[in-house]
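As given, the protein sequences belong to chains A and B, one line each in that order.
With our numbering applied, the first sequence covers 3 to 354.
With our numbering applied, the second sequence covers 3 to 354.
Here is the structure we will look at.
2 protein chains.
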Amino acid sequence: MTASDLAYVPFVDVEEMMHLILDIGLETCLADLTNYIEEDFRRWPLFDKTPRVAAHSSNGVIELMPTSDGQEYAFKYVNGHPGNMKKGLQTVTAFGLLADVESGYPLLLSEMTLLTALRTAATSALATRLLARPGSRTVAMIGNGAQSEFQALALKKVCGITALRLFDTDPEATRKCMANLAGSGLDITSYKTAEEAVMDADIITTCTADKQMATVLHDNMIGAGVHINAIGGDCPGKTELQADILNRANVFVEYPPQTRIEGEIQQMASDFPVTELWEVLSGTAEGRRDARQITLFDGVGFAIEDFSALRWLRDQVERLGGGKRLDLIADPDDPRDLFGMIERERHRRNPA
Amino acid sequence: MTASDLAYVPFVDVEEMMHLILDIGLETCLADLTNYIEEDFRRWPLFDKTPRVAAHSSNGVIELMPTSDGQEYAFKYVNGHPGNMKKGLQTVTAFGLLADVESGYPLLLSEMTLLTALRTAATSALATRLLARPGSRTVAMIGNGAQSEFQALALKKVCGITALRLFDTDPEATRKCMANLAGSGLDITSYKTAEEAVMDADIITTCTADKQMATVLHDNMIGAGVHINAIGGDCPGKTELQADILNRANVFVEYPPQTRIEGEIQQMASDFPVTELWEVLSGTAEGRRDARQITLFDGVGFAIEDFSALRWLRDQVERLGGGKRLDLIADPDDPRDLFGMIERERHRRNPA
């Protein structure tokens, strides 16, 4: 690449992202992303890892999530503001960047509100493929908001789920989710209580959005052999599961230093035993032992998943073409002459 | 603002930034920026402060620099790769974002390669206005690369500098700087050695770029009463000044936890006494005591300066109009229905 090529940064905006998803097919995107994330989790020790850098306020949080594998660097900007919905705004919005470590130059800037929804669902699917009982076919989804359809379709495509049981404290959210998934081929039922929804489910996924301790699952709701994806508890002070469930389950996490602050296990002692998901993938730790064990993926979202998502997106943009280009990097003819670049623009505008 | 307004993020690209600088006038930009930075330094305790989040590699560093005053949040992405110049690339490139803390929504995305050059010069000017001997008229500039012209013009406009003495190990850099500043009204002389250049100068600014310990100023070059801006030493392992100078001078810094790692004072013990610039501005610490004292601003660049720069830029874009708008934030009609937004796009593309 020449300097002028690098001066223009490929950019995927929201519309472009929607078209890319529609061109490839949402379920294929989710399956491919699951594989990209698995690839990166298998080479986990290579990555620079750090808990996200969070700026908390009374209304929510703004976070930066950087990581690098030594060749490429990625970061995501993401906010979480539960009160936004009432103002007609997204609870979570995000964008991110992939960069070249050798030069520090950006390779791709992208919207990541949609991409985060996809990678979060793909990560749950990866954990479920690894940990759920073989032959699992039914998932109960507690919380039917913006994440729910993506979670359901990822579990269908990646794990062979055929039946979906829905519950939300707001029936309107459940109606929206059912309508959106009407043509998906999933056998969908809605329930009036979380207790009914989780009955006989092989897998339970919780993805509620309140920024508070809200007990979505009680211990007596959880039978033997279930796999749980607890996705909604993802910041300090926000959990979804009663602590008794954590004591009965084997808990799997992304990156313990972050999950102990943000995840369900923030309720537990700092030495509460957890297994890192990447260790199961790489064969250095045990996953599910038997059919009666309760496995719990305490997912909070980690920077490496965003790295994988941006890497996947870059590959799709290269493969399919498209994407816009932003004039984001100043590119003077002589790199030491930033000042002269402005002066040349002056003369271009007003030739003497 | 409505949700749809917020879905489009104002964007200042490199071309737009050049036009804005030319429309306002570079020296006016530098003076205004100096005042914005001073305003924010005066309310320093309000800000969330953290050392930058750095990803180091053998070739350079990629950094994220976030901060917030509780109302607005800003971060900058910036790289530093000294080897880039030989490949025709910028040593430093940057972009950044201003966001609304209450909603987490982005308010402005901007190129910051040019803006960082401006705010770095403005910060030196702020320190010089505060610390240099009254009546200082002559500056010696050691290192005549991409920062040099901005530094010189900021000192001229903000501090009343009239004479500029130049030295660089590469005579080509000095020729470039002289040519660029030919019409500036500054009385400019170039020198074959740093020793000659600093002789009788009231102010010395070092802004060299090597990522290594390089002694640009020796103790015997520094006379009584001089004010020094040491700008180039800005990462671990990179300094410009002999330690003896630090022992003779009163050292002023931006944010000690970052400067002790990155600045000239990385050569000194961890309790080496420094004064924070904001304390002098707010009147809680002493600045220059007398005309014989050596004052040293050990500048490494801090997130609050980027916050000030983005705040200034946002005000200019609002005042002058212009700027582009990026479709960066997914904005479904129902904020819980991200999935439905993709489906509606499908129907829009292929009406049944």
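Built from N, CA and C at the ideal position, the CB exists for glycine as well.
Just so you know, these numbers come straight off a predicted model, no measurement behind them.
CA-to-CA distance, residue j to residue i, given in whole angstroms
| i | j | result |
| --- | --- | --- |
| PHE341/B | ALA181/B | 57 Å |
| ASP246/B | GLY285/B | 28 Å |
| MET3/A | GLU174/A | In this predicted model, MET3/A has a pLDDT of only 44, less than 50, meaning its place in the structure is not dependable enough to derive any value. |
| ARG316/A | LEU110/A | 7 Å |
| ALA232/A | ILE267/A | 11 Å |
| PHE77/A | PHE304/A | 11 Å |
| GLN73/B | GLY106/B | 10 Å |
| HIS349/B | LEU24/A | 10 Å |
| GLY27/B | GLU41/A | 51 Å |
| ALA5/A | VAL253/A | Any reading at ALA5/A must be qualified, since the residue scores a pLDDT of 48, below 50, and its modelled position is unreliable; no value is offered. |
| PRO108/B | ILE190/A | 37 Å |
| LEU116/B | ASP339/A | 11 Å |
| ILE206/A | ALA154/A | 11 Å |
| ASP34/B | GLY147/B | 23 Å |
| ARG346/A | LEU32/B | 19 Å |
| THR171/A | ALA119/A | 21 Å |
| LYS89/A | CYS209/A | 21 Å |
| THR271/A | ARG121/A | Looking at the sequence shown, residue 271/A is not Thr but Ala. Near 29 Å, if we compare the C-alpha coordinates of ARG121/A and ALA271/A. |
| GLU198/B | THR241/B | 21 Å |
| LEU248/A | GLY234/A | 15 Å |
| LEU188/B | ILE144/B | 16 Å |
| ASP202/B | THR217/B | 20 Å |
Residues near residue i by beta carbon distance below 6 Å, same chain, minus five either side
| i | result |
| --- | --- |
| LEU328/B | VAL11, PHE13 |
| THR36/B | ALA124, ALA127, LEU128, VAL160 |
| ALA251/B | ILE296, LEU298 |
| SER310/A | TYR38, ILE39, ASP42 |
| VAL55/B | LEU66 |
| ILE306/A | ASP42, PHE49, THR69 |
| ALA287/B | THR277, GLU281 |
| LEU283/B | PHE43, ARG44 |
Cβ-based neighbour list, residue i, same chain, cut-off 8 Å, excluding 5 preceding and 5 following
| i | result |
| --- | --- |
| LYS194/A | PHE169 |
| GLY227/B | ARG135, ASP204, ALA293, ARG294, GLN295, ILE296 |
| ARG45/A | ASP71 |
| GLN318/B | LEU22, ILE26 |
Same chain, Cβ closer than 7 Å to residue i, five either side skipped, listed in chain order
| i | result |
| --- | --- |
| GLU256/B | LEU279, GLY301, VAL302, PHE304 |
| ASN86/B | GLN92, THR93 |
| LEU48/A | ASP71, GLY72 |
| THR130/A | LEU157, CYS161, ILE205, HIS229, ASN231 |
| VAL103/A | SER70, GLY72, GLN73, GLU74, TYR75 |
| ASP50/A | THR69, SER70 |
| ILE64/B | ALA57, ASN81 |
| GLU113/A | VAL14, ASP15, VAL16, MET19, PHE97 |
| PRO238/A | ILE263, GLU264, GLN268 |
Contact set between residue i and chain A, taken where Cβ atoms lie within less than 7 Å
| i | result |
| --- | --- |
| ALA251/B | Neighbours of ALA251/B on chain A: none; closest Cβ ~29 Å, over 7 Å. |
| GLY62/B | GLY106 |
| THR208/B | Within 7 Å Cβ-Cβ: nothing; THR208/B doesn't reach chain A, min ~16 Å. |
| ARG348/B | LEU24 |
Interface partners of residue i on chain A, CB under 8 Å
| i | result |
| --- | --- |
| MET355/B | Residue 355/B is absent from the model: chain B starts at 3 and stops at 354. |
| ARG351/B | HIS21, LEU24 |
| TYR75/B | ALA57, ILE64 |
| ALA175/B | ARG338 |
| ALA156/B | By Cβ distance, chain A contributes nothing, its closest Cβ being about 12 Å from ALA156/B, past 8 Å. |
Contact list for residue i against chain B, beta-carbon separation under 9 Å
| i | result |
| --- | --- |
| ASN182/A | ASP339, PHE341, GLY342, GLU345 |
Neighbour list for residue i in chain B, Cβ cutoff strictly below 7 Å
| i | result |
| --- | --- |
| ASP329/A | ASP15, VAL16, GLU17 |
| PRO68/A | VAL55, ALA57, LEU66 |
Beta carbon proximity, residue i to chain E, threshold 7 Å
| i | result |
| --- | --- |
| ASN81/B | Any reference to chain E falls outside this structure, whose protein chains are A and B. |
Proximal chain A residues relative to residue i, where beta-carbon distance stays under 9 Å
| i | result |
| --- | --- |
| GLY72/B | SER59 |
| ALA127/B | Result: empty, since nearest Cβ-Cβ is about 16 Å, beyond 9 Å. |
Contacts that residue i makes with chain B (C-beta to C-beta distance below 8 Å)
| i | result |
| --- | --- |
| LYS178/A | ASP336, ARG338, ASP339, GLY342 |
Residues from the segment 91-105 of chain B in contact with chain A, defined by Cβ distance under 8 Å: The residues in question are LEU91, GLN92, THR93, THR95, PHE97, LEU99, ALA101, VAL103, GLU104, SER105.
Extract the residue ranges of the alpha helix (DSSP H) inside the segment 126-180 of chain B, only unbroken runs of 4 or more that lie entirely within it. Taking only runs of at least 4 residues, the alpha helix (DSSP H) segments lying wholly in the segment 126-180 of chain B are 150-161.
Note down, one range per segment and in chain order, each beta strand (DSSP E) of at least 3 residues found wholly within the segment 220-296 of chain B. The qualifying runs are 229-232, 241-243, 252-255.
Kindly provide the ranges of any beta strand (DSSP E) runs that are 3 or more residues long and lie completely inside the segment 69-110 of chain A, ordered along the chain. Counting only unbroken stretches of 3 or more residues, the beta strand (DSSP E) elements lying wholly within the segment 69-110 of chain A are 74-82, 94-102, in sequence order.
Anything in the segment 20-36 of chain A with a Cβ closer than 8 Å to a Cβ of chain B? List those residues in chain order, please. The residues in question are MET20, HIS21, ILE23, LEU24, LEU28.
Near-chain A residues of the segment 135-152 of chain B (beta-carbon distance less than 7 Å), N- to C-terminal order: Correct list: GLY147, ALA148, GLU151, PHE152.
For the segment 293-325 of chain A, which residues have a CB atom closer than 9 Å to at least one CB atom of chain B, in sequence order? The segment 293-325 of chain A vs chain B, Cβ under 9 Å: nothing.
Check distances from the C-beta atoms of the segment 37-61 of chain A to those of chain B and list, in chain order, the residues that come in under 8 Å. Correct list: ASP50, THR52, VAL55, ALA57, SER59, ASN61.
Residues, ordered as in the chain, of the segment 264-290 of chain A that lie near chain B by beta-carbon distance below 9 Å: Under the 9 Å Cβ criterion, the segment 264-290 of chain A contributes no residue.
Which runs of the beta strand (DSSP E) fall wholly inside the segment 13-71 of chain A and span at least 3 residues, in chain order? The segment 13-71 of chain A contains these whole beta strand (DSSP E) runs: 55-58, 63-70.
Could you please tell me which residues of the segment 112-123 of chain A, in chain order, have their CB closer than 8 Å to any CB of chain B? Residues of the segment 112-123 of chain A with a C-beta less than 8 Å from any C-beta of chain B: GLU113, THR115, LEU116, ALA119, listed in chain order.
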